[in-house]
Each structure stands twice: as structure tokens, then as C-alpha cells.
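Peer 1:
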Amino acid sequence: QKEVEQDPGPLSVPEGAIVSLNCTYSNSAFQYFMWYRQYSRKGPELLMYTYSSGNKEDGRFTAQVDKSSKYISLFIRDSQPSDSATYLCAMSANSGGSNYKLTFGKGTLLTVNP
Amino acid sequence: EPEVTQTPSHQVTQMGQEVILRCVPISNHLYFYWYRQILGQKVEFLVSFYNNEISEKSEIFDDQFSVERPDGSNFTLKIRSTKLEDSAMYFCASSRDGSYNEQFFGPGTRLTVL
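Top line first, the protein sequences correspond to chains A and B. According to the working numbering, the residues represented by the first sequence are 1 to 114, in order. According to the working numbering, the residues represented by the second sequence are 115 to 228, in order.
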């Protein structure tokens with residue numbers, strides 16, 4: 001079983017739709033969960049960061065973590081064409097030292113159509 | 115807003131040649147990372163660096179790779195003898211400290227090995 005699984009899509013939605021992006025993971029040591037947005041041939045841009053379980057909201061974006069199910073989600077409300085990008089989930093464990101490597105999902109390619 | 119910068123944006127080299135990829139992390143960050151992304155694949159962790167030494171490295175980071183922080187601002191990745199399979203995007207990232215693991219990525223260097 002892969003450590004982090006993410007449906008690569010592609011996902012195509014009309015402008016204004018609610019988008020749901022998801023990842024599952026197998027490593028129960030993961031405690032830090034992030035969502036990055038990556039435009040074509042650019043670096044990942046940090047969108048949301050959550051620690052442990054729960055929800056976090058930032059504008060049109062909501063991140064959810066369910067550690068019992070090993071499942072994380074990113075919701076985008078009122079999606080815009082400028083949201084078109086690849087969305088990467090990433091996570092790391094607290095190893096008690098300075099080792100905080102991120103383990104990424106493969107990314108979901110999202111297109112928001114005007 | 116502070117950001118991670120990387121140079122060059124694109125590096126073309128012949129197989130067997132040495133390359134050095136350069137990064138300037140965000141100035142008050144203490145943890146530094148290199149990741150790579152082969153075209154169409156996941157972003158993969160290579161190495162983390164803290165307090166002037168390697169904290170953790172992946173299986174990919176073999177003896178052909180080395181990292182250095184030669185001064186107070188630069189962070190470099192050297193590949194001694196490049197192989198065709200080293201062709202990828204290489205991303206530098208930095209984070210402020212170990213309590214929060216928000217890693218900020220640079221725009222990447224595209225390495226092409228011929």
C-alpha cells in the first residue's frame with residue numbers, strides 16, 4: 001500500500017462549483033497535513049496547513065483531517081478559473097528531531113471552466 | 115513577501131558532468147530541504163538540513179549527491195556525476211523551525227541530463 005494516495009483526476013468543474021479533493025494515507029505517525037497548489041512547471045505553493053485532526057478554514061478553502069480514517073480533504077467553494085492547477089496533499093510525522101520530510105500525494109489536476 | 119529563490123531556472127548538462135543547484139531560503143528559516151519531481155511523478159524528498167548538517171536523507175540521496183550551506187544565505191545541491199535519470203525538477207524548501215512544519219518551496223530548477 002502506498003503511503004499517500006491521491007486520485008490524479010483530471011477533475012473538471014464549472015466556475016462557482018464546490019470542489020472536493022481528497023487523500024488517504026497509511027502511516028499513522030503522520031500528524032502534519034498540508035495542501036499545496038502547483039501551477040504547471042512551477043514550485044508547490046502552500047495553501048493550507050493543519051496539525052492533527054479537525055477543520056481549518058481560510059477564505060474559500062477548507063481543510064479537513066480525519067485521523068481515525070486516515071483521510072484528508074480540501075474543499076474549494078465558489079471555484080474560479082484561477083484555481084485551475086494541480087493540488088498536492090503532503091504530510092509529515094513528528095519524529096522528535098529535525099526530520100520533517102514531507103510525503104506527497106501524486107496530485108489532482110483541477111480545471112475550473114468559465 | 116519573503117520567498118525561496120533558486121538558480122538557475124533551467125540547467126542542461128551532459129551525462130557524467132557535475133552540477134550545482136543553488137537556493138536562497140527565506141532569511142529567518144532554519145530548516146532546509148531538497149525535493150525532486152520527475153515529470154509526471156510525485157514530489158519526492160531528497161534531504162533535510164539543519165544546523166549545518168544533514169538531518170535525514172532518502173534512498174535517492176546517494177554518494178553522488180551532497181548539500182552545503184557555504185554562507186549565511188545560500189543552500190546548494192551538488193550532483194557529482196549526473197545520470198540520465200537525474201533529469202527532473204529540483205525544488206528547494208525552507209521552514210522556520212521544528213515546531214511548525216510549513217515548508218515553503220522555491221520555483222525549482224529544471225535539470226536536463228543529455
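The beta carbon of each residue, even a glycine, is placed where N, CA and C say it ideally should be. Owing to the predicted nature of the structure, the values given are computational and were not obtained by experimental measurement.
1. On a CA-only basis, which of A:A85, A:K106, A:T111 and A:P114 is nearest Q155 of chain B? Give me that one, please.
2. Nearest to A202 of chain B by CA position, among B:E216, B:F218, B:E117 and B:I174, is which residue?
3. Which residue's Cα is closest to the Cα of T50 of chain A: A:L109, A:T111, A:C89 and A:S82?
4. Determine, using beta carbons only, whether H124 of chain B and R224 of chain B come nearer to each other than 8 Å.
5. I need the straight-line Cα distance from V138 of chain B to R41 of chain A, nearest angstrom please.
6. Round the Cβ separation of P119 of chain A and L74 of chain A to the nearest angstrom and send it over; I've been treating them as touching at under 8 Å.
7. Take the Cβ of V181 of chain B as the centre, count every other Cβ of all protein chains shown within 10 Å, and call the residue buried at 16 or more, exposed below.
8. Determine whether the beta carbon atoms of S79 of chain A and E3 of chain A lie at a separation below 8 Å.
9. In terms of alpha-carbon separation, which member of B:S195, B:L135, B:D185 and B:E199 lies closest to Q178 of chain B?
10. Run through the DSSP bridge pairs and tell me what F104 of chain A is partnered with.
11. Which stretch, first to last residue, makes up the beta strand (DSSP E) that contains D58 of chain A?
12. Nearest to Q38 of chain A by alpha carbon, out of A:S84, A:Y71, A:C23 and A:P114?
13. By Cβ distance below 6 Å, which residues in the same chain neighbour S235 of chain B in space, the five residues on each side in sequence not counted?
14. Is E170 of chain B helix, strand or coil by DSSP?
15. Does any CB atom of chain B fall closer than 8 Å to the CB of L102 of chain A?
16. Going by the CB atoms, is the gap between Y100 of chain A and Y145 of chain B shorter than 8 Å?
17. Please list the segments of the beta strand (DSSP E) lying wholly inside the stretch 182-227 of chain B, counting only runs of 3 or more residues, in order along the chain.
18. Return the bridge partner residues of N22 of chain A from the DSSP annotation.
19. For L153 of chain B and E57 of chain A, what's the separation of their Cα atoms in angstroms?
20. For P114 of chain A, count neighbouring Cβ atoms within 10 angstroms of its own Cβ and tell me buried if that reaches 16, exposed if not.
Peer 2: So, from the data block:
1. A:K106
2. B:I174
3. A:C89
4. yes
5. 19 Å
6. An answer regarding residue 119 of chain A cannot be provided, because it is not within the stretch 1 to 114 covered by chain A.
7. buried
8. no
9. B:S195
10. A:A90
11. G54 to D58
12. A:S84
13. The structure shown does not extend to residue 235 of chain B, since chain B is modelled only from 115 to 228, so the question has no answer here.
14. strand
15. yes
16. yes
17. 189-193, 202-209 and 223-227
18. A:S73
19. 32 Å
20. exposed
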